């Protein structure tokens, strides 16, 4: 019955409902799609669109009985999966269908060696001896391109980098040569260069083993690169599906069109050499001491920021790019004197390095920061109005209650929020709205310099574009100077007038953004750009694995 | 792996995520939506909710102990004047007595004097105070509850007072203790003093504990390290021995005991609050507040304290109950409140000495068991109410 025309996996009218405190909410509403042998199908959508839930239902990994399937069928090789018992589905999980998750940090058990984790999967489904299982594990690690696989077998997860951990996850998923691999945002938590390598690996393995791939992502660039067919999900429904070429070139549904148009338009603030320098540093260093032994003597330093000199002029945006751990955020915090550092910092003509907390206060009004995490950066116990007004209470004590309220209303309107919402609490808002509140908190003081620490990376694509537009509009309206920290080069390209590329605390390359994007000088920058804009892995040693 | 919450993205619309039901302006005294939800969660725990009500009724009742169980009348109408013996002290001569001393209203002579002038006496429901000795006890103290007496037991006193039977005697609902004092009255006063002691100790130790924990957690470093070592040493002082030594020097009383206990009990919250502050000071909204130039004190009070308060609030009922237990234990051992004070511990120790009088033991046991259980149930409900998984859904 396993004919060549029959789809490997066929999902028909699948619905998923969750019951929470007596209320039933439908997360997935009657979706249908098929995966043929050897095919790669991508499920794209924003967070909350139900793509992960759909994929997890295939293996019945949802929290039943909180979750339920009011309708639908999932047929794998002609066999109905939804009606299988728990023990029957366990025979399929990891054997015929395997899954890799987004977070390589938490998907591996930190207490077991890599060897134990891979051999466990093999021996679960095939009764083979330890020696055979070990040989197979070694072969798998070689297949997924882990250097020195013999030593790595004896490693613990924390001894591997994020990319290596994801490779181990893939090795575990491949252990029993599944017919279908479900990849749930496997590269989202990784740096762009590593992401490109993992994608290349997945494509190569798929071609070699003739396996089907169900790829869940929010990143359209990845879809275009890896998938044969694509299903676009929105609010629990598949609004459009078809071959990648067709969907990307001639989208039919308005939501798909919005999604495709959502890439932030590059329109950076022009360099303004005639303007005064707002902030500059000279050989700025942030070194964290490494202390060892009973006497806690300093044996070395982690050089988070190591001799960075920069200057930003009024109205410009300096983009800081680099992979995680390159010291971008530390640099931003050091500029605002939120962590201690060495080296001269000049802000609006004043040397602010070494000033005490109280002495810094007059400058705080002019330098503000917007953080990455829209959930962690707002106090859950204060209303939006109180959050935004807090800076005014410090810096403009003379304002009356009404005047303060008027300022808050004004700034909330500026960032595109309904001012009537100011008595509500942060948890009532979505991620994008919260990020707007963070921006309002910074903007209400009318600062001249704002550090934007990955303000868009926690947001969905549509929101990213909106956020970039908002930041650009605020910059024009208020003549703001930005330091824009991001690992997402597409967003940086749309905002930055100057660029510095950081790696391991040092500046690798700097210059006007237009010139740098056109002709990057260093190998590292080239590899970074190739990975970010074309999802291409660089073969050379310029990047980490 | 996280399973995304099934919600529709609301960014594309301008509608509120909670619909139009949310009031746009809030009165400054109205509870915040967060606290409303907590109150709702608290009420959802029926056992805790009813425990709180029962406890509050008992507590308020015991606060009014002076007008419920007292050997002084609430009001006397005598010779055209109104007298308030519960509030003011009157000499015996006021009511036609012979001495300048304070009137003993339980004395039949005084009662006769007042009745002779056509006066009326309004008594509290229980005509004993915690220290009143029942001189008409039908049996040698401890005497059983009056409703439990046989006619044979009260024959003597009935004849002496020219009554018809046991039921005409003045009621000792729960009998009397070894000194002939009414157990019911002592229970009411004892409950009050226990709860007041527990509450005061909890309030004092939370204030000190939160201050100390907050400073340690927020500033960290050497302050934290030094303070922690100090607390470790402090904690290892056996306070029972210290209590014995101090009570040999100072006369033990409510406030002396409270002071000594407070010296040691503040430590219990420090670790908790310190951990909350330590965790909280790296939150991005704390960083944001520092970037705004908000001062340390304001950050600690406005941003960090509410976080710590959740953990603290959860612990408070349990601290109250443990304080009550400590006081009871000290009283039981005889190192607690001065002799004669109404205390549950002393009642228990009397019960131990008079096994032939089971009403003492039952009264002491049930009052303590009920009080502590109620506090624990309330504590559980508070813990549920502040559970962040239930609050931020």
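Residue numbers (my numbering), protein chains in the order written: chain A, 1 to 545; chain B, 546 to 938.
Built from N, CA and C at the ideal position, the CB exists for glycine as well.
These numbers were taken from a predicted model, which means no experiment stands behind them.
Checklist line | residue 836 of chain B at chain A interface by Cβ criterion, 7 angstroms | finding: Answer yes: the Cβ-Cβ gap between residue 836 of chain B and chain A drops below 7 angstroms somewhere.
Next item on the list: Evaluate residue 410 of chain A with the Cβ neighbour count: other Cβ atoms within 10 Å of its Cβ, from every protein chain shown; 16 or more gives buried, anything less gives exposed.
Entry: By the neighbour-count rule (16 or more Cβ atoms within 10 Å), residue 410 of chain A is not buried but exposed.
Item checked: residue 467 of chain A to residue 222 of chain A span [Cα, whole Å] -> Spanning the two alpha carbons is a distance of roughly 22 angstroms.
Notebook entry, point to check: Quick one: is residue 601 of chain B buried, meaning 16 or more other Cβ sit within 10 Å of its Cβ, or exposed?
Noted result: With fewer than 16 neighbouring CB atoms inside 10 Å of its own CB, residue 601 of chain B falls in the exposed class.
Next item on the list: With 7 angstroms as the threshold, decide whether the Cβ of residue 510 of chain B is near any Cβ in chain A.
Entry: Look at the range of chain B in this structure, 546 to 938, and you will see that residue 510 of chain B is not part of it.
Next item on the list: Tell me where the beta strand (DSSP E) around residue 17 of chain A begins and ends.
Entry: Segment 9 to 20, the beta strand (DSSP E) holding residue 17 of chain A.
Check: If you count every other CB in all the chains shown that lies within 10 Å of the CB of residue 824 of chain B, and 16 or more means buried, which is it?
Finding: That one is exposed.
Checklist line | Runs of alpha helix (DSSP H) lying entirely within the stretch 43 to 68 of chain A, each at least 4 residues, in chain order | finding: You should have 51 to 58.
Margin query: Is residue 828 of chain B close to chain A? Criterion is C-beta to C-beta, closer than 7 angstroms.
Written below: Taking Cβ atoms only, chain A reaches closer than 7 angstroms to residue 828 of chain B, which makes this a yes.
Check: From residue 642 of chain B to residue 617 of chain B, what distance separates their C-alpha atoms?
Finding: Distance between the alpha carbons of residue 642 of chain B and residue 617 of chain B: 16 angstroms.
Margin query: Counting only Cβ-Cβ distances shorter than 9 angstroms, please list the residues of the stretch 67 to 87 of chain A near chain B, keeping chain order.
Written below: Those residues of the stretch 67 to 87 of chain A that come within reach of chain B (Cβ to Cβ, closer than 9 angstroms) are 67.
Check: Name the chain A residues whose beta carbon is nearer than 7 angstroms to that of residue 848 of chain B?
Finding: Listed along chain A, the residues sitting closer than 7 angstroms to residue 848 of chain B by beta-carbon distance are 379.
Notebook entry, point to check: What residues from chain A crowd round residue 839 of chain B, counting only those whose CB sits closer than 7 angstroms?
Noted result: Simply 390, 394.
Check: Taking the alpha carbon of residue 688 of chain B as the point to measure from, which residue in B/729, B/849, B/805 has its own alpha carbon closest?
Finding: When C-alpha distances from residue 688 of chain B are compared across B/729, B/849, B/805, the shortest belongs to B/729.
Margin query: Once the 5 residues before and after residue 664 of chain B are set aside, which same chain residues still bring their CB inside 7 angstroms of it?
Written below: Non-local C-beta neighbours of residue 664 of chain B in its own chain, meaning closer than 7 angstroms and more than five positions away in sequence, comprise 621, 622, 623, 624, ordered along the chain.
Notebook entry, point to check: Going along chain B in order, which residues have a C-beta closer than 8 angstroms to the C-beta of residue 369 of chain A?
Noted result: For residue 369 of chain A, the neighbours in chain B by C-beta distance under 8 angstroms run, in chain order, 832, 833, 836.
Margin query: Within 10 Å of its beta-carbon, does residue 78 of chain A have 16 or more other beta-carbons around it, so buried, or fewer, so exposed?
Written below: Residue burial annotation: residue 78 of chain A is exposed, with fewer than 16 other C-beta atoms found within 10 angstroms of its C-beta.
Checklist line | For residue 570 of chain B, three-class secondary structure by DSSP | finding: Per-residue confidence for residue 570 of chain B stands at a pLDDT of 46, beneath the threshold of 50, marking its modelled position as unreliable; no derived number is given.
Margin query: Please list the terminal residues of the continuous beta strand (DSSP E) segment that includes residue 915 of chain B.
Written below: That residue, residue 915 of chain B, is in no beta strand (DSSP E); its alpha helix (DSSP H) goes 903 to 930.
Next item on the list: Give me the Cβ distance between residue 279 of chain A and residue 449 of chain A, rounded to the nearest whole Å; I'm assuming they're in contact under 8 angstroms.
Entry: Correct: roughly 6 angstroms between the Cβ atoms.
Notebook entry, point to check: Beta-carbon separation of residue 229 of chain A and residue 11 of chain A under 7 angstroms?
Noted result: Contact: no.
Checklist line | Candidates A/422, A/490, A/395, A/425, of which the one nearest residue 446 of chain A by Cα | finding: Out of A/422, A/490, A/395, A/425, A/395 has the C-alpha closest to the C-alpha of residue 446 of chain A.
Notebook entry, point to check: Quick one: Cα of residue 931 of chain B to Cα of residue 591 of chain B, how far?
Noted result: Spanning the alpha carbons of residue 931 of chain B and residue 591 of chain B requires a straight line of approximately 15 angstroms.
Note to self: Determine, for residue 361 of chain A, whether the minimum Cβ-Cβ distance to residues of chain B falls below 7 angstroms.
What the structure shows: Yes, residue 361 of chain A counts as interfacial toward chain B.
Item checked: Backbone secondary structure at residue 820 of chain B - three-state DSSP -> In this structure, DSSP gives residue 820 of chain B a helical state, which the three-state scheme calls helix.
Check: Grouping DSSP H, G and I as helix and E and B as strand, with all else coil, what is residue 781 of chain B?
Finding: When DSSP states are grouped into helix, strand and coil, residue 781 of chain B belongs to the coil group.
Notebook entry, point to check: What residues in its chain sit with their C-beta under 7 angstroms from that of residue 653 of chain B, if we drop five residues either side in the sequence?
Noted result: So no residue of the chain qualifies.
Notebook entry, point to check: Is the Cβ-Cβ distance between residue 73 of chain A and residue 80 of chain A less than 7 angstroms?
Noted result: The beta carbons of residue 73 of chain A and residue 80 of chain A sit closer together than 7 angstroms.
Note to self: Within a Cβ cutoff of 7 angstroms, which residues of the same chain sit near residue 145 of chain A, ignoring the five residues on either side of it in sequence?
What the structure shows: Cβ contact annotation for residue 145 of chain A (same chain, cutoff 7 angstroms, sequence separation greater than five): 167, 201, in chain order.
Note to self: Using only the alpha-carbon positions, how far apart do residue 901 of chain B and residue 700 of chain B sit?
What the structure shows: Residue 901 of chain B and residue 700 of chain B: Cα-Cα distance of roughly 21 angstroms.
Next item on the list: Go through its chain and collect everything with a Cβ distance to residue 647 of chain B's Cβ below 6 angstroms, but skip five positions before and after it.
Entry: Here the set comprises 634.
Check: In chain order, what residues of the stretch 461 to 488 of chain A put their CB closer than 9 angstroms to some CB of chain B?
Finding: Cβ contacts with chain B come from 462, 463, 466.
Notebook entry, point to check: Is there at least one Cβ from chain B nearer than 7 angstroms to residue 336 of chain A's Cβ?
Noted result: It does; some Cβ of chain B falls within 7 angstroms.
Margin query: Let me confirm a value: residue 763 of chain B is counted as buried when at least 16 other C-beta atoms fall within 10 Å, else exposed. Which label applies?
Written below: In this structure residue 763 of chain B is buried. Its beta-carbon is surrounded by 16 or more other beta-carbon atoms within 10 angstroms.
Check: When the cut-off is 7 angstroms and only beta carbons count, does residue 552 of chain A lie next to chain B?
Finding: Residue 552 of chain A lies beyond the range of chain A shown here (1 to 545); nothing can be said about it.
Margin query: Could you give the first and the last residue of the continuous alpha helix (DSSP H) run that contains residue 858 of chain B?
Written below: 850 to 878 is the extent of the alpha helix (DSSP H) around residue 858 of chain B.
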